[in-house]
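Enquirer:
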Amino acid sequence: MKVTVFGIGYVGLVQAAVLAEVGHQVLCVDVNAQRVENLKQGIIPIYEPGLTPLVEKHFASGYLNFTTDAAAGVQHGDVQFIAVGTPPDEDGSADLQYVLAVATTIANHMETAKVIIDKSTVPVGTADRVKAKIAEVLKVRNVELEFDVVSNPEFLKEGAAVSDCMRPDRIIVGTYDERPQDLMRELYEPFNRNHDKLIFMDVRSAELTKYAANCMLATKISFMNEMANLAEMLGADIEAVRKGIGSDPRIGYHFIYPGCGYGGSCFPKDVQALIRSSEQLGYTPTILQAVEAVNDKQKYKLPSLVQQHFGDELAGKTIALWGLSFKPNTDDMREASSRVLMETLWQAGAKVQAYDPEAMEETQRIYGVRDDLTLVGTKEAALKGAAALVICTEWQQFRAPDFDLIKAQLQHPVIFDGRNLFEPRRLEARGFTYYAIGRGETVAKAASKQVL
Ligand SMILES: NC(=O)c1ccc[n+]([C@@H]2O[C@H](COP(=O)([O-])OP(=O)(O)OC[C@H]3O[C@@H](n4cnc5c(N)ncnc54)[C@H](O)[C@@H]3O)[C@@H](O)[C@H]2O)c1
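Residues in the sequence shown are numbered from 1489 upward in steps of one, following this note's numbering.
1. Decide if M1821 is buried, meaning its Cβ has at least 16 other Cβ atoms within 10 Å, or exposed.
2. Where does V1759 land, buried or exposed, given buried means 16+ other C-beta within 10 angstroms?
3. May I have the straight-line CA-CA distance separating Y1680 from P1656, to the nearest angstrom?
4. Considering N1713, what are the terminal residues of the alpha helix (DSSP H) in which it resides?
5. Whose CA, out of V1878, L1829, Q1897 and D1892, lies closest to the CA of Y1922?
6. What do you get for N1783, buried or exposed, if any count of 16 or more other CB atoms within 10 angstroms of its CB means buried?
7. Hey, T1609 and C1754: beta-carbon distance below 8 Å or not?
8. Does the beta-carbon of N1520, which I'm using as the reference point, lie nearer than 7 Å to any heavy atom of ligand 1?
9. Hey, how far is the Cα of D1892 from the Cα of V1902?
10. Quick check: the Cα distance between V1650 and V1493, rounded to an integer number of angstroms?
11. For Y1699 and P1668, I'd like the C-alpha separation in whole angstroms.
12. Which whole runs of the alpha helix (DSSP H) in the segment 1830-1907 are 4 residues long or more, in chain order?
13. Measure from the alpha carbon of A1504 to the alpha carbon of each residue in V1524, A1824, A1838 and V1543, then state which is nearest.
14. Assuming contact is defined by CB atoms lying nearer than 8 Å, are T1707 and F1688 in contact in what I supplied?
15. Less than 7 Å separating the Cβ of C1754 from some heavy atom of ligand 1?
16. Mark A1571 as exposed unless 16 or more other C-beta atoms lie within 10 angstroms of its C-beta, in which case mark it buried.
17. Please go through the same chain and pick out, in chain order, the residues whose beta-carbon is closer than 8 Å to the beta-carbon of L1588, but skip the five residues on each side of it.
18. Hey, how far is the Cα of N1717 from the Cα of K1627?
19. Work out the CA separation of H1900 and V1840 for me, nearest whole Å.
20. If you compare alpha carbons, which of Y1788, V1567, L1793 and C1748 is closest to F1814?
21. Run through the DSSP bridge pairs and tell me what Y1771 is partnered with.
22. CA-CA distance, R1645 and H1597?
23. Starting from N1553, trace the beta strand (DSSP E) in both directions and tell me its first and last residue.
24. What residue range is occupied by the uninterrupted beta strand (DSSP E) comprising D1616?
25. Taking the C-alpha atoms as reference points, what is the distance between D1636 and G1495?
26. My assumption, with CB atoms under 8 Å, is that V1502 sits in contact with C1653. Please give the rounded CB distance.
27. E1911: which of D1566, L1833, G1511 and A1888 sits nearest, CA to CA?
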């Protein structure tokens, strides 16, 4: 099939590459000319495992192409994906200007029937707005053309986006009527061989399904963080509790890890957007408000442990930081916990010496060059001369480090671990002061301010 994808970001580019891999002819359109030019030269704008070879292969084979020419994009595809960003507006609601701009572009240039697929995460009612916008522009143009608007939210996980798109758990398709369903089946047939993953529903339910999924996942995390905070105060170990509750199949082991708060481009903004949608309806979304509040607080957990530990002596100290991206296997820094950590440490007069396998370029882009931020090429180099180590992201390579080396390089053998990677007793036996999340002794330790 001929497919056009508007928006070449984490979602658009991965979806486009995967559709090209199964044989669809894909043309990607973006307003960012630099991004388009880079892609044509083989420079991939984001880090995602497996993405670069796929893009290179299909750009070379001709199945995948990139342009800024929106008219050519509209002409190309019978199917037009909208995969542009929906960032939070000032009040937290989803900003739909990019989605509606693409709808206008499609309507301005279409000459034949089109199926417009909304892949961006958008509030309930957006497909209605897209449909109305297209109808309005067609009316002004005085042309009558058939078109369908379909809601097809994306559930990929950054860091595993390619494999998630190649092997989706489910493909949600919201339609106004049965007309576009066959075409959607044909489009996704290559991903649907093992068993039927397509779930058809009405448009509004499809739109809400995406928010409900992300809000449920965010709720699991905030719930565990709340339990972790309680565990600390009660002298219990959240890791034991996690295993204890995960063994119940009604709860399960997935997504119940406590930590230093969720980040990324999706959970924070989607929880916020659903809160705003609810409030606009006059409904108070008590659970969602609590999920957001717990997370906002949890992001200050590591910085406040560091501040409590060093007290007045933090100013002027250098803190080693492992992990900048909001989660492993991505370079995405949007709403990352590491940003709250660094900004709080800087405010307290400390310096940060950081390493991340993929997100250092992005960190540099966000913060520029500054005296209190040094980005180094290895995790070992980050330790050199630092007062303590903080871990914000659970990259594989941080899980079994050389503790003797850490001890030798740090000024003080202190680790603040936002991802519970290590066994507290083992680290303490090696002479470390080890702060983790929800592991019994952390609060008491910080309160006693063991400045070394
Ligand atoms: N990132 C994820 O993990 C993820 C997962 C599922 C769903 N989503 C949703 O998918 C959508 C896209 O997210 P993303 O992370 O890929 O965004 P992104 O910011 O990485 O990419 C968006 C792209 O759209 C382009 N764009 C903006 N206006 C345009 C226009 N008028 N025409 C063409 N291109 C335009 C931008 O230049 C950018 O390249 C969002 O709604 C997001 O919530 C994201």
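Where a beta carbon is used, it is the ideal one built from N, C-alpha and C, also for glycine.
Expert: Looking at the coordinates:
1. buried
2. buried
3. Contrary to the premise, residue 1680 reads as Asn rather than Tyr in this sequence. Rounded to the nearest angstrom, the two C-alpha atoms are 9 Å apart.
4. V1691 to L1722
5. V1878
6. buried
7. yes
8. yes
9. 12 Å
10. 16 Å
11. 23 Å
12. 1848-1855, 1867-1871 and 1891-1897
13. V1543
14. no
15. yes
16. buried
17. R1617, V1618 and K1621
18. 58 Å
19. 15 Å
20. C1748
21. Its beta-bridge partners do not exist; DSSP assigns none.
22. It should be noted that the sequence gives Lys, not Arg, for residue 1645. The alpha-carbon atoms of K1645 and H1597 are separated by roughly 33 Å.
23. L1552 to T1555
24. Careful: D1616 lies outside any beta strand (DSSP E), inside the alpha helix (DSSP H) at T1614 to R1629.
25. 20 Å
26. 5 Å
27. A1888
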